[in-house]
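Chemist:
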Amino acid sequence: MIGAGFVKIETEFPAFSPFFLWRVFHKALVLLSLLRSCGLSQAFKGLREDSHIYRCALVRMSMSCELSGLTGRLPACFKLKTATEPSHGPNSARHWRRKFLFLLLILVALGSICFLSRFHGRTSRVKNKTPNSCKGKAQILLQEFNISGNHLHALASLFSTSDQNEMLSETLAFFEKEYCVSFCTFVKASWLLLVVAVSCKMSGLLLKLWRNQRKKVINQPPVAQQQQQQKQQQQVHSPPKAGKWRKKLLLVFVLLGIAMSIWLFWYLNEEIVLRREETLANMCDERARMLQDQFNVSKNHVQALAILVSTFHHRKHPSAIDQKTFGEYTERTAFERPLTSGVAYALKVLHSEREQFENLHGWVIKKMETEDQTLVQDCIPENLDPAPVQDEYAPVIFSQETVSHIVSIDMMSGKEDRENILRARATGKGVLTSPFKLLKSNHLGVILTFAVYDTDLPSDATPEQRVEATLGYMGASYDVPSLVEKLLHQLASKQMILVNVYDSTNASSPINMYGTEITDTGLLHISNLDFGDPLRKHEMHCRFKQKPPLPWTAINASAGLLVITLLVEHIFYAAISRIEKVEDDYCKMEELKVRAEAADVAKSQFLATVSHEIRTPMNGVLGMLQMLMDTDLDANQLDFAQTAHNSGKDLISLINEVLDRAKIESGRLELEAVPFDIRAGLDNVLSLLSGKSKEKGIELAVYVSNQVPEVIIGDPGRFRQIITNLVGNSIKFTNDKGHIFVSVHLADEVLGAPNNMDEVLRQGLSFVQDNYDKPCNSLSGIPVVERWKSWEHFKKLSSRNSMEEPEMIRLLVTVEDTGVGIPLEAQSRIFTPFMQADSSTSRTYGGTGIGLSICKCLVDLMGGEIGFVSEPGIGSTFSFTGPFRKGEKTSLDATWQQYGPAVLEFQGLRALVIDNRAIRAEVTRYYLQRLGITADIAFSLKSACSYPSSACNTRVSTNLAMVLIEKDAWDKETALLFFHSVKDHMRKITKEVPINRPKIFLLATDISPTECSELKSAAFVDNVLIKPFRLSALVACFQEALGSGMKRKVNRKKASDLGNLLREKRILVVDDIAVNRKVAEGCLAKCGAIVTCVESGKAALAMLNPPHNFDACFMDLQMPEMDGFEATRQIRCVECKVNEKIASGEASIEMFGNVAHWHTPILAMTADVIEASIEECMKCGMDDYVAKPFELGELYSTLARFFENG
């Protein structure tokens, strides 16, 4: 349980923080009380054999006891005196907060610096001064970590004497580690507080600036305040400028960077100094340890010599050792005493034994010291004085050859040696003298002396017993300078440091035993030397020879950080400047945006006004011209009227294009999604443009792939507009005898393999590879550009990749021509509005250059892509894609199914097409297949001659109803052969099955009436079909040629049908302009309508007040007093009230003309066809609109909704 408690302390709070100390205090008290209550006070003695974790836990517990005086409450000095401080409102609170934050910032900075310096100083001192003894380690704990002596004694009492040193080492290491963790935690917390303080300060500054600005605005005079409000309204969307606080923040960052650079220099320099100190300490300790170890070895050998002398000299009779033997032995064993300069043995001689001793050895005992110093230097024993009379002598009888000059000298006659001898024989240990000059060498040295006893003394012998048992003295001299120099020579790093050896027994005046006095180089390390004599102290002082170099690492790192800070500051300053510029540009752009929006509104209003103002007189011009053409005019007068009428139509077309462009730019153009027949729509486009193509002799053709559905859902009007613009441009820029070919395929067909393509697509992609010298397999035989280049950059070509719905398809429409082409330098701006290839183009070919721009906008609005390829002198090919949805044929409007009954009449018939160009033959087959006629192709009349006889069976020949021959393949001689072969084949078949002769049709783009009459009169052909084909013309021609039984009128809506639709209908026309009323009255009256005209909305309101007999009303929009919108709203309001009365029974039907529900169709007559005006018409209650000037077709399609069903 005790171990579990220690583990809990160890693992719960790993960080040595104040919070940790507080919690450990409580944990320690609980554990101590637990130990006392369990009576386990002796259990701590066994912890010396436990693991390290228990010792660390004890250390923490003993450390926690320091905090036992705390009670968990703050002292009174820390309490805020909120009750006694007066309150000065919110300003004083903010002022106090600012002061507190500033003070907190200063305290954090100073605390970080002080704690950092204290921490590094403490760790360096601990590292440099860590001793090996228990006393030294305990002293460090007392001084550096504030651990009291009582705690140390209590902690040390738990361990044995042998384990106390280890315990103190672990305690010291633990506190160093905990201080390191505490330092990191303190630094992190300090920087966090610093960031919070800076953020609060910056927010306070921003708030202060905002309040000052607001106060200025409030205190402004009324005129200035109005100007300020106007300025704010102009810049309502502009963001507040933040350049000032950004620059202040950047300045704070630079100051922090400079401070960090200084701190980094200080930190790295401290690390360098610390490493230098550690290096010096290691080198000095190494030398001291080597010197001490070698001295101890020599000391042991000297002691061994003393035992040797005691054994073989004093216990042997006669003695086994003499001077010669001793000298040779010591000289041979000198390598075992590398630090000694010589050894000698002095015999203890009493005064009573002096004479006998001198006679025995034949020399007189000499005195060590003499008055003549020269004799000492020479050290000649004969020149020394005899030893004076004293109680005891210690003459040297044996010596090493190196110190043979001291033989016969009394060691007791020297002061240092006498004290040494007396201490040695009293203690029984080796003792050292203080440094003195050695004889002969004149070097400072010391003498090591051992006493030689006659018997083995016990370890607890008294000094008197030791003195009585003393026989002699073994001494060894140490020449300290020579020995230290020899030791340093053994080390490779001798040149790096300077070494001094001192005898520091007298701490006030130490004796320099080795080394010279040198200048201070900044660092000094002292290592203690223990030579075994507790009364003598020796030290080794080490210094570097040279002063420390400049701390380039710290300089480079701090300079690098400073440079990086400045670079970052420069980058951010440039970014801030750029942001300021962008903000200014943003404000300007916002202002320009407001202006642009206002200009857009003004432009829309201007276009609506201009459209109305231009269409209003044009309505009168075109209406009067149409009425003029209906009168009896001669040829010249009719031509003049038609020319003026066509010019007016061109002007209306230009106005429509400009309005379309304006709608697209303003985003007001919306696409419809209605089902339509794409083939019929293309036929209508060709019908409109066939006149212009015939005038220039251009062959115009359309082909739609069989894979394209019959009915698709999209915007037929905009699709037709794109095709009309592209084909119109091709007609404009195509020379005579060329061609324009419109083809429609699925986008997936182009991406498929050539085998899956239809014949037109495959041949269109392959014939461009032929040689230009040969006739090309194009529609007209003239070379064309490579059409695939016009869509090679399309990204949305595949419908499978871009659409997930299976009913969605993507069409690829291609318009190919053999025109003049587009110059290379003008191809980049071809879709730019009002831009043409060159300045002369509009004069040569006409046009405004807006058509292609509208095409691109419409294609983009559909979600498709448009592109082109063009080569000057060859031609151009424009391609575009568009997404559509598959539709059902039953959803098709009746106007799209006008040829359905005629198609049933031609089902099952067979035709033969003779054409020398495959693509053109496929186009002819395409039209025949639309009528249900199966067509075969022959590429020449000669090959066609064998067709009747080589038919598969009789049924095929009998179903051959017509032969269509291209004019380019026509040859009279070959044609006669073909006719004869047909007649012969018909005779043979007629005998078996009676059939009619196939009808012969000649296909031509341009043929004169004379030539046509000759061919018909010669019975070569039954009829001539003029290109471009129109399905209605083909139906009529085939019905006429195949017999009256099949002849039937196609159900088409002609302009004359409008008279039947409006006959006897009463129409009210409301317009404030007399010309418009006159035109509308003439147009409607010509169709059989009974027209009544009024000039204002109020008059219309009175005329249409139920009951009335009007069938419809044409209402102008812009009129004085009451416009068409307001008049319509009031008319609908009156009708609603009447209907409510009839429905509720308040009024009878007879009172209101026997009409149960009143709703008069009101159609807007507007020259403003902008979408917004049309929507407003519908909102106010109008049923539809008719654009000025009237077009009979548009007028019929609009009125048919109301009058077709009676």
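Going by this note's numbering, the letters in the sequence shown line up with residues 33 to 1238, in that order. All C-beta atoms in this analysis are idealised placements derived from N, C-alpha and C, irrespective of residue type, glycine included.
Bridge partners of H345, per DSSP?
Modeler: In the DSSP output, where bridge partners are listed per residue, H345 has none listed.
Chemist: At which residues does the beta strand (DSSP E) containing V375 begin and terminate?
Modeler: Looking at the DSSP string, the run of the beta strand (DSSP E) that includes V375 is G374 to L379.
Chemist: According to DSSP, is S1128 helix, strand or coil?
Modeler: Here S1128 sits in coil by DSSP.
Chemist: If you check the beta carbons only, do K399 and S445 fall under 7 angstroms apart?
Modeler: Against a cut-off of 7 angstroms, the Cβ pair of S445 and K399 comes out as a contact.
Chemist: Rounded to the nearest angstrom, how far is the Cβ of M1154 from that of L1100, given a contact under 8 angstroms?
Modeler: So it is not a contact: roughly 15 angstroms between Cβ atoms.
Chemist: Taking just the CA atoms, how far does S1064 sit from V717?
Modeler: Going from the Cα of V717 to the Cα of S1064 covers about 14 angstroms.
Chemist: Check whether the segment 307-318 and the segment 474-488 are in contact - that is, three or more C-beta pairs closer than 8 angstroms.
Modeler: At 8 angstroms Cβ cutoff, the stretches do not touch.
Chemist: So is K1059 buried or exposed if we call it buried at 16+ other beta carbons inside 10 Å?
Modeler: By the 10 Å Cβ count, K1059 comes out buried.
Chemist: Between A1112 and the ligand NAP, is there a pair consisting of the residue's CB and a ligand heavy atom that are separated by less than 6 angstroms?
Modeler: In the structure shown, the ligand NAP is absent, as is every other ligand, since no ligand is present at all.
Chemist: For P490, count the other beta carbons within 10 Å of its own beta carbon; 16 or more makes it buried, fewer makes it exposed. Which is it?
Modeler: Flag for P490 reads exposed.
Chemist: What number of angstroms, rounded off, separates the C-alpha of L963 from the C-alpha of T675?
Modeler: Approximately 38 angstroms between the Cα atoms of the pair.
Chemist: Kindly identify the DSSP beta-bridge partner or partners of N1055.
Modeler: Looking at the DSSP assignment, N1055 forms a beta bridge with F1033.
Chemist: From the DSSP output, in three-state form, read off C1168 for me.
Modeler: Helix at C1168.
Chemist: In this structure, how does DSSP classify C1115 when only helix, strand and coil are distinguished?
Modeler: Looking at C1115 - three-state DSSP - the assignment turns out to be helix.
Chemist: Shortest alpha-carbon distance to G504 belongs to which of I1039, I453 and T756?
Modeler: Nearest of I1039, I453 and T756 to G504, Cα basis: I453.
Chemist: So who's on the other strand from G746, going by DSSP bridges?
Modeler: Partner(s): V706.
Chemist: Checking 7 angstroms against the spacing of the C-beta atoms, do G839 and R917 come in under that value?
Modeler: Reading off the sequence, residue 839 comes out as Glu, not Gly. In this structure, R917 lies closer than 7 angstroms to E839 by Cβ.
Chemist: Can we say the segment 354-367 touches the segment 428-436, given the rule of at least three CB pairs closer than 8 angstroms?
Modeler: With the cut-off at 8 angstroms, the segment 354-367 and the segment 428-436 touch.
Chemist: Buried or exposed for T850, going by 16 or more other Cβ atoms inside 10 Å?
Modeler: Buried.
Chemist: Within a Cβ cutoff of 7 angstroms, which residues of the same chain sit near W1002, ignoring the five residues on either side of it in sequence?
Modeler: Same-chain partners within the cutoff: L1034.
Chemist: Just the C-alpha distance for T1230 and D1103, rounded to the nearest angstrom, thanks.
Modeler: Each residue's Cα considered, the two are about 19 angstroms apart.
Chemist: Using beta-carbon positions only, say whether V1053 and L996 come within less than 7 angstroms of one another.
Modeler: Not in contact: V1053 and L996 (Cβ atoms no closer than 7 angstroms).
Chemist: Near I906, which residues of its chain fall below 8 angstroms by C-beta distance, leaving aside the five closest residues on each side in sequence?
Modeler: These residues qualify, in order along the chain: P815, V816, V817, T850 and G853.
Chemist: Determine, using beta carbons only, whether A628 and L300 come nearer to each other than 7 angstroms.
Modeler: Not a contact, by the Cβ cut-off of 7 angstroms.
Chemist: If Q324 sits next to D562, beta carbons under 8 angstroms apart, how far is it from one beta carbon to the other, in whole angstroms?
Modeler: Between D562 and Q324 the Cβ distance is about 6 angstroms, and since that is below 8 angstroms, they are a contact.
Chemist: Which residue comes first and which comes last in the alpha helix (DSSP H) that contains T357?
Modeler: Taken as a continuous stretch (DSSP letters only), the alpha helix (DSSP H) holding T357 covers Q355 to R364.
Chemist: Which class does G689 belong to by DSSP, given the choice of helix, strand or coil?
Modeler: According to the sequence as given, residue 689 is Glu; it is not Gly. DSSP places E689 in helix when its eight states are reduced to three.
Chemist: Under 7 angstroms Cβ to Cβ from R1245, same chain only, skipping five residues before and after it: list those, please.
Modeler: Absent from the model: residue 1245. The displayed extent of the chain is 33 to 1238, so no value can be given.
Chemist: Note down, in chain order, each residue of its chain lying with its Cβ closer than 6 angstroms to the Cβ of C977, except the 5 sequence neighbours on either side.
Modeler: Within the same chain, C977 has close Cβ partners L1009, F1010 and S1013.
Chemist: By alpha-carbon positions, which one of E1158, W1190 and K380 ends up nearest to K1173?
Modeler: Answer by Cα proximity: W1190.
Chemist: Please confirm whether K1301 and G723 have their CB atoms less than 7 angstroms apart.
Modeler: Past the boundaries of the shown model lies residue 1301; the chain is included only from 33 to 1238, so the question cannot be answered.
Chemist: Looking at the secondary structure, which residues open and close the beta strand (DSSP E) in which S541 lies?
Modeler: Element bounds for S541: n/a, residue is neither H nor E.
Chemist: Pairing CB atoms from the segment 593-600 with CB atoms from the segment 278-294, are three or more of them under 8 angstroms?
Modeler: Flag = yes, the segment 593-600 and the segment 278-294 touch.
Chemist: Based on the DSSP output, what are the partners of T502 in its beta bridges?
Modeler: In DSSP, T502 forms a bridge with Y485.
Chemist: Excluding the 5 residues flanking T1006 on each side, which residues of the same chain have their C-beta closer than 7 angstroms to its C-beta?
Modeler: Answer for T1006: L973 and K974, listed in chain order.
Chemist: What does the alpha-carbon distance come out to for the pair N1186 and V1166?
Modeler: Rounded to whole angstroms, N1186 to V1166 spans 17 angstroms at the Cα level.
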